[in-house]
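Asks:
Number of protein chains: 4
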Amino acid sequence: MTGAKRSTASVSTEYLLRALAEILSEDRSKAVGEAVEIFTSAKKVFVYGVGRSGLAARAFAMRMVQLGLECYFIGETITPVVSEGDAVLIASNTGSTMSAIQVANIARRVGAKVVSVTGSKTSKLAHASNVILCLQEDDDPERSRLAPLGTLFEDACLLLLDGIVAQVMVRVGQTEADMRVRHAIMV
Amino acid sequence: MTGAKRSTASVSTEYLLRALAEILSEDRSKAVGEAVEIFTSAKKVFVYGVGRSGLAARAFAMRMVQLGLECYFIGETITPVVSEGDAVLIASNTGSTMSAIQVANIARRVGAKVVSVTGSKTSKLAHASNVILCLQEDDDPERSRLAPLGTLFEDACLLLLDGIVAQVMVRVGQTEADMRVRHAIMV
Amino acid sequence: MTGAKRSTASVSTEYLLRALAEILSEDRSKAVGEAVEIFTSAKKVFVYGVGRSGLAARAFAMRMVQLGLECYFIGETITPVVSEGDAVLIASNTGSTMSAIQVANIARRVGAKVVSVTGSKTSKLAHASNVILCLQEDDDPERSRLAPLGTLFEDACLLLLDGIVAQVMVRVGQTEADMRVRHAIMV
Amino acid sequence: MTGAKRSTASVSTEYLLRALAEILSEDRSKAVGEAVEIFTSAKKVFVYGVGRSGLAARAFAMRMVQLGLECYFIGETITPVVSEGDAVLIASNTGSTMSAIQVANIARRVGAKVVSVTGSKTSKLAHASNVILCLQEDDDPERSRLAPLGTLFEDACLLLLDGIVAQVMVRVGQTEADMRVRHAIMV
Chain A
506 MTGAKRSTAS VSTEYLLRAL AEILSEDRSK AVGEAVEIFT SAKKVFVYGV
556 GRSGLAARAF AMRMVQLGLE CYFIGETITP VVSEGDAVLI ASNTGSTMSA
606 IQVANIARRV GAKVVSVTGS KTSKLAHASN VILCLQEDDD PERSRLAPLG
656 TLFEDACLLL LDGIVAQVMV RVGQTEADMR VRHAIMV
Chain B
506 MTGAKRSTAS VSTEYLLRAL AEILSEDRSK AVGEAVEIFT SAKKVFVYGV
556 GRSGLAARAF AMRMVQLGLE CYFIGETITP VVSEGDAVLI ASNTGSTMSA
606 IQVANIARRV GAKVVSVTGS KTSKLAHASN VILCLQEDDD PERSRLAPLG
656 TLFEDACLLL LDGIVAQVMV RVGQTEADMR VRHAIMV
Chain C
506 MTGAKRSTAS VSTEYLLRAL AEILSEDRSK AVGEAVEIFT SAKKVFVYGV
556 GRSGLAARAF AMRMVQLGLE CYFIGETITP VVSEGDAVLI ASNTGSTMSA
606 IQVANIARRV GAKVVSVTGS KTSKLAHASN VILCLQEDDD PERSRLAPLG
656 TLFEDACLLL LDGIVAQVMV RVGQTEADMR VRHAIMV
Chain D
506 MTGAKRSTAS VSTEYLLRAL AEILSEDRSK AVGEAVEIFT SAKKVFVYGV
556 GRSGLAARAF AMRMVQLGLE CYFIGETITP VVSEGDAVLI ASNTGSTMSA
606 IQVANIARRV GAKVVSVTGS KTSKLAHASN VILCLQEDDD PERSRLAPLG
656 TLFEDACLLL LDGIVAQVMV RVGQTEADMR VRHAIMV
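These protein sequence lines are chains A, B, C and D, in that order.
Mapping of the first sequence onto my numbering: residues 506 to 692, in sequence order.
Mapping of the second sequence onto my numbering: residues 506 to 692, in sequence order.
Mapping of the third sequence onto my numbering: residues 506 to 692, in sequence order.
Mapping of the fourth sequence onto my numbering: residues 506 to 692, in sequence order.
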């Protein structure tokens, strides 16, 4: 686009892609491996998150169902109770949203494993977790106008979890074709 | 409340109770029995509805999960695909909401049974259903100001389905205490 | 139905209608009047509830929107922030659900008015409320098998709130026809 | 990570970042500019999508509310009716989801503008749209195991819409601090 004023939208998208690449380049393979082990050996997988983090968590839950795992989003109509042997994924940037901490504490009390995706390693949510997937951005002066509020965390969370989807596919021996068959009715 | 001007709210609530008693007094025991048989012998139970009818349907789905049935609300995050041997409950007053008809048609095509709660026996939804639970009110001049739009249908739908909950409890041998154990995390 | 064994479903529905009539017969006109005043003079109306109580609250929110009020369900995608001059309706049987108490406390702190529908006059939620609509059932031996868990509270909550809808209609001078025009797209 | 077997998760995440960069590098500045104009001059902004595309659309709706626009997600509790002068954003990969097409047609009929994010320029949804934001990936042999089903579309949709958020911020003169003040209660 030489000579043309580039739109804020494309500048922001490029900024997002660069910042996400940086956040996601950190080596999390050990924690990711543990998370995959927890999800695939759990009786049921529960997912929780509030706001845009909750949307990234829901996107992950949809794939788990398509992979044949029994997976629920806490707070929706039909969530059964969390029990021993279950796994709970919680996404929260601050790690201090009260309901997220409560879900983690209840889950641990009944003997379920907790995997958290959070921006804060030292948060109450992190302390209550068996596995922590930390997504911490370096703040820079451009962030606030190109990726306001928790945008980087939320978008990185989606991509990190989509990476975990690919690894769960391998682990449970499922192909895209298998997943398509389990795709929900879309009307 | 002799001598006092009664509030529209209490007049409306009394009107609702009277009108609901009339709508619900009709003998639906045969259709209800067939619906209970379909729900309790299904592999999975799916529930669908739009707007306030959808809320009544969701309230039913929550009880099904607490009764130990595998039950999903179509359109929520984690709905798996409907298959042969499943049951689908659809609530729609007009029976002509396009997505409701589509869900019914897809369900029938794959070999699932469809139970509909509807205000219209001759609707497209009714035609696509294995069992029809019809809730038809006599219109009267007071209805529009004391129970506007689909209020009577929606409220009757909730009470009818709560009656079915009690019958499913008996059929699957579950008590309130059993249901409480399966109550979802409320945070 | 002389001589025939009546189905549990119809026995339960009749039990519900009787128990609801009793719960709702109590005179709440003063509290209802205050609630209507709060809703109709608020800048925005917010609604909150978890589980089946939350569904009854949502059903009320839909009608408020159809009546032309600006109304939001807390926790859904697009809820704006609660501010001074707003009203918050919270439905919780126990009045001790942590998020319900938190919503009430945050609302009061910013100067919004809180109306609660609850089964417990002495609960933390009730203490945090400006107006309490109490729905307390007498427990009886049949309740647990005909109306398990919070069924009576939740169904009474829906009917009470539908009564309030009729009163708000009068107050804001809206007819069923006006409401129909504001009915959301149903696809 | 020399000498170490890299996890499928990190391979998938890197693949996603590369593929997203490619999809998003296409010049869409004209269509984006028109979309921003439509959103910021609309009376109300409505958002719709099913499944994971719907989650990306919801994430956008949350930001619009934080930017002070009146924005609703169609299908949630409190959606008002779409009218002349409103804008509707619809996200659908295939552009053939029936409810998405219906929403577009209803919106056009009442005189609202439709912006679609879709993977198919020739779809029925695209035909019903005023502005088309097309996100078309080149299929390659690795995609199905590293980014199954609509993953690339859905993730690109989120990033594209987050870019649009940054441009709307500029247009309506809002900062991150302004948006934080409008952040919904998170409990």
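Using N, Cα and C, we set each Cβ at its ideal position, and we do this for glycine too.
#1: Rank C:T680, C:A682 and C:Q672 by C-alpha distance to the C-alpha of T536 of chain C and give the top, closest one.
#2: Considering S621 of chain D, what are the terminal residues of the beta strand (DSSP E) in which it resides?
#3: Please list, in chain order, all residues of the same chain as V516 of chain C whose beta carbon is under 8 Å from its beta carbon, the five residues on each side excluded.
#4: Starting from the Cα of G624 of chain C, find the closest Cα among C:R511, C:F565, C:S604 and C:S597 and give me that residue.
#5: Which residues in the same chain as A447 of chain B place their Cβ atom closer than 6 Å to its Cβ, once the five residues preceding and following it in sequence are excluded?
#6: Determine whether the beta carbon atoms of M684 of chain A and P653 of chain D lie at a separation below 8 Å.
#7: Can you name the residues of chain E whose CB is closer than 9 Å to the CB of S604 of chain D?
#8: Going residue by residue through the region 581 to 632 of chain B, where are the continuous alpha helix (DSSP H) segments of at least 4 residues, counting only ones entirely within it?
#9: Between A:V552, A:K549 and A:R568, which lies nearest to S558 of chain D when the distance is taken from Cα to Cα?
#10: Going along the region 523 to 554 of chain A in order, which residues come within less than 8 Å of chain D, judged by CB to CB distance?
#11: Within 8 Å (strictly less), CB to CB, does M684 of chain C reach chain B?
#12: Can you tell me whether DSSP reads L665 of chain A as helix, strand or coil?
#13: Using a Cβ cut-off of 8 Å, which residues of the region 655 to 676 of chain C contact any Cβ in chain B, in chain order?
#14: Which parts of the region 521 to 546 of chain B are runs of the alpha helix (DSSP H), unbroken and 4 residues or longer, counting only runs that do not cross its ends?
#15: Can you give me the start and stop residues for the beta strand (DSSP E) that L638 of chain B sits inside?
#16: Put G554 of chain D into one of helix, strand or coil per three-state DSSP.
#17: Can you give the Cα-Cα distance for D532 of chain A and F544 of chain A, rounded to whole angstroms?
#18: Exposed or buried, E589 of chain D, counting other C-beta atoms within 10 Å across all chains shown (16 or more means buried)?
#19: Measuring alpha carbon to alpha carbon, tell me which residue in B:L522, B:I528, B:G538 and B:E527 is nearest R511 of chain C.
#20: So is D644 of chain B buried or exposed if we call it buried at 16+ other beta carbons inside 10 Å?
#21: Should R614 of chain D be labelled buried (16 or more other beta-carbon atoms within 10 Å of its own) or exposed?
#22: Assuming contact is defined by CB atoms lying nearer than 8 Å, are L630 of chain D and I606 of chain D in contact in what I supplied?
#23: Looking at chain C, is there any beta carbon in it that lies within less than 8 Å of the beta carbon of A612 of chain B?
#24: Looking only at its own chain, which residues have a Cβ that is under 8 Å from the Cβ of T584 of chain C, when we skip the five neighbours before and after it?
#25: Using a C-beta cutoff of 8 Å, does L638 of chain D count as contacting chain A?
#26: Rounded to the nearest angstrom, what separates E581 of chain C and E581 of chain D at their Cα positions?
#27: Classify V587 of chain A: buried if its beta carbon has 16 or more other beta carbons within 10 angstroms, exposed otherwise.
#28: For F578 of chain D, write down the residues that DSSP places opposite it in a beta bridge.
#29: With distances taken between CB atoms, is the gap from L666 of chain A to L522 of chain D smaller than 8 Å?
#30: Considering just the uninterrupted stretch of the alpha helix (DSSP H) at E642 of chain D, what are its terminal residues?
#31: Quick one, which of A:Q641, A:S601, A:G554 and A:N635 has its alpha-carbon nearest D591 of chain A's?
#32: Does the beta carbon of E581 of chain B come closer than 8 Å to any beta carbon on chain A?
#33: CB-CB under 6 Å to G600 of chain D, same chain, minus the five flanking residues each way: which ones, in chain order?
#34: Check the Cβ-Cβ distances between P653 of chain B and every residue of chain C, and say whether any is below 8 Å.
Replies: Put simply:
#1: The question names Thr, but residue 536 of chain C in the sequence shown is Ala. Here the closest residue by C-alpha is C:Q672.
#2: Here the beta strand (DSSP E) through S621 of chain D covers K618 to T623.
#3: So the list reads L651, once near-sequence residues are dropped.
#4: Measuring from the Cα of G624 of chain C, the nearest candidate turns out to be C:S597.
#5: Because chain B is modelled from 506 through 692, residue 447 of chain B falls outside the range shown and cannot be assessed.
#6: Going by C-beta atoms, M684 of chain A is nearer than 8 Å to P653 of chain D.
#7: Absent from the structure is chain E; the protein chains it does hold are A, B, C and D.
#8: Runs of the alpha helix (DSSP H) inside the region 581 to 632 of chain B: 603 to 615 and 629 to 632.
#9: For S558 of chain D, the nearest C-alpha among the options comes from A:R568.
#10: Listed in sequence order: L525, A526, L529, D532, R533, S534, V537, G538 and V541.
#11: Among the residues facing chain B, M684 of chain C is included, as its CB has a counterpart in that chain under 8 Å away.
#12: Three-state result, L665 of chain A: helix.
#13: So the close ones are T656, E659, D660, L663, L664, L665, D667, G668, I669, V670, A671, Q672, M674 and V675.
#14: Uninterrupted alpha helix (DSSP H) stretches at least 4 residues long and entirely within the region 521 to 546 of chain B occur at 534 to 546, given in chain order.
#15: It spans V636 to C639 - the beta strand (DSSP E) in which L638 of chain B sits, taken as one unbroken run.
#16: In the three-state reduction of the DSSP assignment, G554 of chain D falls in the strand class, which pools E and B.
#17: Taking the straight line from one Cα to the other gives about 20 Å.
#18: E589 of chain D should be labelled exposed.
#19: The closest CA to that of R511 of chain C, considering only B:L522, B:I528, B:G538 and B:E527, is found on B:G538.
#20: Under this definition D644 of chain B is an exposed residue.
#21: So R614 of chain D counts as exposed.
#22: Yes, the Cβ-Cβ distance between L630 of chain D and I606 of chain D is below 8 Å.
#23: Cβ-Cβ to chain C under 8 Å: no for A612 of chain B.
#24: Closer than 8 Å at the Cβ level, and outside the excluded window around T584 of chain C, lie F551, Y577 and F578.
#25: So, not an interface residue.
#26: About 7 Å.
#27: Its Cβ being crowded by 16 or more others within 10 Å, V587 of chain A is buried.
#28: Answer by DSSP bridge pairing, in chain order: D:V552.
#29: Against a cut-off of 8 Å, the Cβ pair of L522 of chain D and L666 of chain A comes out as no contact.
#30: No alpha helix (DSSP H) holds E642 of chain D; DSSP gives it neither H nor E.
#31: Ranking the options by Cα distance to D591 of chain A, first place goes to A:N635.
#32: E581 of chain B counts as touching chain A.
#33: Contacts found: T623, S625, S628, L630 and A631.
#34: Closer than 8 Å to some Cβ of chain C, the Cβ of P653 of chain B qualifies, so yes.
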